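>
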Amino acid sequence: MGQAALKQEVDTLREYMKELSYQAMRTEMSLARLSEEMLAFKDENRRERQRMNKQWGDLANRLGTLVEDIVAPNLPRVAAELFSCPVADLFGVRVVRRFGGETREYDALLVCPEVVLVNETKSRLTDAHVEGILERLAEIPRVFPEYADRRAVGILASLYPDTSVVRRATRRGVLVMGMGDETMHVLNPEALESGG
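Take any residue in the sequence shown, count from 1 to its spot, add 36: that is its number in the working numbering.
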(Lines of atoms letter the chains of each structure in order from A and count residues from 1; the text may use other names and numbers.)
(Lines give C-alpha, C1' and ligand atoms only; values in the text may rest on other atoms or scores of the structure.)
Protein backbone atom coordinates (compact mmCIF):
# COMPACT_ATOMS: atom_id res chain seq x y z
CA MET A 1 0.00 0.00 0.00
CA GLY A 2 2.88 2.38 0.64
CA GLN A 3 4.27 2.01 -2.87
CA ALA A 4 0.87 2.52 -4.52
CA ALA A 5 0.11 5.53 -2.34
CA LEU A 6 3.52 7.01 -3.12
CA LYS A 7 2.99 6.45 -6.86
CA GLN A 8 -0.42 8.11 -6.63
CA GLU A 9 1.10 11.05 -4.73
CA VAL A 10 3.85 11.40 -7.37
CA ASP A 11 1.26 11.21 -10.16
CA THR A 12 -0.85 13.83 -8.38
CA LEU A 13 2.22 16.04 -7.94
CA ARG A 14 3.04 15.60 -11.65
CA GLU A 15 -0.51 16.64 -12.55
CA TYR A 16 -0.18 19.68 -10.27
CA MET A 17 3.19 20.51 -11.85
CA LYS A 18 1.70 20.17 -15.34
CA GLU A 19 -1.22 22.38 -14.32
CA LEU A 20 1.16 24.88 -12.69
CA SER A 21 3.37 24.86 -15.79
CA TYR A 22 0.31 25.32 -18.01
CA GLN A 23 -0.97 28.20 -15.83
CA ALA A 24 2.50 29.81 -15.85
CA MET A 25 2.58 29.54 -19.65
CA ARG A 26 -0.91 31.06 -19.90
CA THR A 27 0.14 33.87 -17.53
CA GLU A 28 3.22 34.53 -19.66
CA MET A 29 1.10 34.59 -22.80
CA SER A 30 -1.40 36.92 -21.14
CA LEU A 31 1.41 39.22 -20.00
CA ALA A 32 2.91 39.18 -23.51
CA ARG A 33 -0.51 40.02 -24.98
CA LEU A 34 -1.00 42.76 -22.38
CA SER A 35 2.45 44.13 -23.16
CA GLU A 36 1.63 44.17 -26.89
CA GLU A 37 -1.70 45.87 -26.19
CA MET A 38 0.02 48.48 -24.02
CA LEU A 39 2.56 49.16 -26.77
CA ALA A 40 -0.24 49.43 -29.31
CA PHE A 41 -2.12 51.77 -26.95
CA LYS A 42 1.00 53.91 -26.48
CA ASP A 43 1.49 54.06 -30.25
CA GLU A 44 -2.17 54.96 -30.76
CA ASN A 45 -1.89 57.62 -28.04
CA ARG A 46 1.24 59.05 -29.67
CA ARG A 47 -0.48 59.14 -33.07
CA GLU A 48 -3.55 60.78 -31.52
CA ARG A 49 -1.36 63.39 -29.80
CA GLN A 50 0.39 64.11 -33.11
CA ARG A 51 -2.98 64.42 -34.86
CA MET A 52 -4.26 66.79 -32.15
CA ASN A 53 -1.08 68.88 -32.29
CA LYS A 54 -1.52 69.16 -36.05
CA GLN A 55 -5.14 70.22 -35.58
CA TRP A 56 -4.08 72.83 -32.99
CA GLY A 57 -1.47 74.09 -35.44
CA ASP A 58 -4.06 74.25 -38.22
CA LEU A 59 -6.45 76.08 -35.91
CA ALA A 60 -3.73 78.55 -34.93
CA ASN A 61 -2.97 79.12 -38.61
CA ARG A 62 -6.66 79.64 -39.32
CA LEU A 63 -6.87 82.14 -36.47
CA GLY A 64 -3.96 83.94 -38.07
CA THR A 65 -5.90 84.01 -41.32
CA LEU A 66 -8.99 85.26 -39.46
CA VAL A 67 -7.33 88.68 -39.47
CA GLU A 68 -6.19 88.53 -43.10
CA ASP A 69 -9.22 86.79 -44.60
CA ILE A 70 -12.19 87.98 -42.58
CA VAL A 71 -11.49 91.01 -40.37
CA ALA A 72 -9.05 93.12 -42.40
CA PRO A 73 -11.09 93.19 -45.64
CA ASN A 74 -13.95 94.75 -43.65
CA LEU A 75 -11.92 97.56 -42.05
CA PRO A 76 -12.00 99.89 -45.09
CA ARG A 77 -15.80 99.49 -45.24
CA VAL A 78 -16.06 100.28 -41.51
CA ALA A 79 -13.84 103.34 -41.99
CA ALA A 80 -16.04 104.55 -44.86
CA GLU A 81 -19.32 103.93 -43.00
CA LEU A 82 -18.39 105.23 -39.55
CA PHE A 83 -15.70 107.81 -40.28
CA SER A 84 -16.49 109.02 -43.83
CA CYS A 85 -13.10 107.75 -44.97
CA PRO A 86 -13.53 106.19 -48.42
CA VAL A 87 -9.77 105.87 -49.02
CA ALA A 88 -7.25 105.16 -46.26
CA ASP A 89 -3.92 106.97 -46.05
CA LEU A 90 -2.41 103.72 -44.79
CA PHE A 91 -3.82 100.22 -44.39
CA GLY A 92 -1.81 97.24 -43.23
CA VAL A 93 -2.16 93.80 -41.71
CA ARG A 94 0.40 92.57 -39.17
CA VAL A 95 1.92 96.02 -38.88
CA VAL A 96 5.21 96.08 -36.95
CA ARG A 97 6.55 99.44 -35.76
CA ARG A 98 10.01 99.94 -34.27
CA PHE A 99 10.65 103.14 -32.36
CA GLY A 100 13.17 104.20 -29.71
CA GLY A 101 14.43 100.65 -29.18
CA GLU A 102 10.91 99.26 -28.72
CA THR A 103 8.65 97.28 -31.03
CA ARG A 104 4.87 97.17 -31.34
CA GLU A 105 2.83 94.83 -33.51
CA TYR A 106 -0.76 95.41 -34.59
CA ASP A 107 -3.08 92.84 -36.15
CA ALA A 108 -4.34 95.53 -38.54
CA LEU A 109 -3.96 99.30 -38.76
CA LEU A 110 -5.95 101.71 -40.92
CA VAL A 111 -5.14 105.42 -41.02
CA CYS A 112 -7.62 108.02 -42.25
CA PRO A 113 -7.29 111.83 -42.27
CA GLU A 114 -9.16 112.11 -38.94
CA VAL A 115 -8.70 108.73 -37.28
CA VAL A 116 -6.31 105.81 -36.71
CA LEU A 117 -8.12 102.46 -36.43
CA VAL A 118 -6.24 99.85 -34.42
CA ASN A 119 -7.49 96.27 -34.71
CA GLU A 120 -6.86 93.39 -32.33
CA THR A 121 -8.41 90.06 -33.35
CA LYS A 122 -8.89 87.28 -30.81
CA SER A 123 -10.46 83.83 -30.92
CA ARG A 124 -12.35 84.73 -27.73
CA LEU A 125 -12.67 88.27 -26.38
CA THR A 126 -12.39 89.02 -22.67
CA ASP A 127 -12.65 92.18 -20.58
CA ALA A 128 -8.84 92.15 -20.35
CA HIS A 129 -8.67 92.61 -24.14
CA VAL A 130 -10.78 95.77 -23.80
CA GLU A 131 -8.34 97.20 -21.27
CA GLY A 132 -5.38 96.00 -23.32
CA ILE A 133 -6.46 97.79 -26.49
CA LEU A 134 -7.08 100.99 -24.50
CA GLU A 135 -3.46 100.86 -23.33
CA ARG A 136 -2.30 100.35 -26.91
CA LEU A 137 -4.43 103.26 -28.11
CA ALA A 138 -2.95 105.54 -25.46
CA GLU A 139 0.53 104.94 -26.83
CA ILE A 140 -0.33 105.58 -30.51
CA PRO A 141 0.92 109.22 -30.40
CA ARG A 142 4.27 107.97 -29.09
CA VAL A 143 4.51 105.00 -31.49
CA PHE A 144 3.23 106.95 -34.52
CA PRO A 145 4.05 110.62 -33.82
CA GLU A 146 3.09 111.44 -37.41
CA TYR A 147 -0.52 110.56 -36.48
CA ALA A 148 -0.57 112.18 -33.03
CA ASP A 149 -3.20 114.70 -34.18
CA ARG A 150 -5.67 111.94 -35.17
CA ARG A 151 -8.17 110.18 -32.95
CA ALA A 152 -7.10 106.60 -32.13
CA VAL A 153 -10.02 104.16 -32.16
CA GLY A 154 -9.79 100.53 -31.12
CA ILE A 155 -11.64 97.76 -32.94
CA LEU A 156 -11.67 94.38 -31.22
CA ALA A 157 -12.75 91.51 -33.45
CA SER A 158 -13.88 87.97 -32.80
CA LEU A 159 -16.23 85.73 -34.72
CA TYR A 160 -18.84 85.61 -31.95
CA PRO A 161 -18.00 88.00 -29.10
CA ASP A 162 -19.72 87.66 -25.74
CA THR A 163 -22.36 90.36 -25.16
CA SER A 164 -20.93 91.27 -21.74
CA VAL A 165 -17.59 92.10 -23.38
CA VAL A 166 -19.39 94.12 -26.07
CA ARG A 167 -21.17 96.11 -23.33
CA ARG A 168 -17.91 96.80 -21.51
CA ALA A 169 -16.20 97.81 -24.76
CA THR A 170 -19.10 100.13 -25.56
CA ARG A 171 -18.80 101.86 -22.18
CA ARG A 172 -15.04 102.25 -22.76
CA GLY A 173 -15.40 103.60 -26.32
CA VAL A 174 -14.00 100.53 -28.09
CA LEU A 175 -15.68 99.14 -31.20
CA VAL A 176 -16.31 95.39 -31.44
CA MET A 177 -16.68 93.48 -34.69
CA GLY A 178 -18.43 90.12 -34.88
CA MET A 179 -19.72 87.85 -37.61
CA GLY A 180 -23.00 88.87 -39.20
CA ASP A 181 -24.98 86.92 -41.78
CA GLU A 182 -22.30 87.15 -44.45
CA THR A 183 -19.44 89.27 -43.15
CA MET A 184 -18.05 91.06 -40.10
CA HIS A 185 -20.08 93.94 -38.66
CA VAL A 186 -19.49 96.53 -35.97
CA LEU A 187 -21.80 95.43 -33.17
CA ASN A 188 -21.62 98.63 -31.14
CA PRO A 189 -21.25 101.80 -33.24
CA GLU A 190 -22.64 103.71 -30.25
CA ALA A 191 -19.25 103.14 -28.58
CA LEU A 192 -17.97 106.12 -30.58
CA GLU A 193 -20.25 108.34 -28.48
CA SER A 194 -18.97 106.86 -25.20
CA GLY A 195 -15.29 107.50 -25.63
CA GLY A 196 -14.51 105.78 -22.29
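Note that the Cβ used here is the ideal one computed from N, Cα and C, for glycine as well.
Since this is a predicted model, take the numbers as computed values, not measurements.
Using DSSP bridges, identify the partner residues of Met213.
Partner(s): Ala193 and Val222.
> So, using beta-carbon positions, are Leu102 and Leu153 closer together than 9 angstroms?
The answer is no: Cβ separation not under 9 angstroms.
> Using three-state DSSP, classify Asp125 as helix, strand or coil.
Three-state result, Asp125: coil.
> What distance in whole Å lies between the Cβ atoms of Val210 and Leu170, which are believed to be in contact at a cut-off of 8 angstroms?
7 angstroms between Cβ atoms; contact.
> Check whether the segment 66-82 touches the segment 158-174, taking contact to mean three or more Cβ pairs, one atom from each stretch, closer than 8 angstroms.
They do not touch, by the three-pair rule.
> Using a threshold of 9 angstroms, state whether the C-beta atoms of Arg204 and Asp143 are closer than that.
Not in contact: Arg204 and Asp143 (Cβ atoms no closer than 9 angstroms).
> Where does Arg186 fall in DSSP's three states?
Three-state result, Arg186: coil.
> Where does Arg140 fall in DSSP's three states?
Three-state result, Arg140: strand.
> Let's see if you can read the secondary structure: which residues bound the beta strand (DSSP E) around Leu111?
No beta strand (DSSP E) holds Leu111; the alpha helix (DSSP H) holding it covers Leu111 to Phe119.
> If we ignore side chains and look at the alpha-carbon of each, how far apart do Ser57 and Gln44 end up?
Answer to the nearest angstrom: the Cα atoms are 19 angstroms apart.
> For Ala193, which of Val131, Arg186 and Glu104 has the nearest alpha-carbon?
Out of Val131, Arg186 and Glu104, Glu104 has the C-alpha closest to the C-alpha of Ala193.
> Considering only the beta carbon of each residue, do Ala188 and Val151 sit closer than 9 angstroms?
A contact, by the Cβ cut-off of 9 angstroms.
> So what does DSSP say about Phe77, is it helix, strand or coil?
The answer is helix: DSSP assigns Phe77 an H, G or I state.
> Along the alpha helix (DSSP H) that carries Thr162, what are the first and last residues, could you check?
Where Thr162 is concerned, there is no enclosing alpha helix (DSSP H), given that its DSSP letter is neither H nor E.
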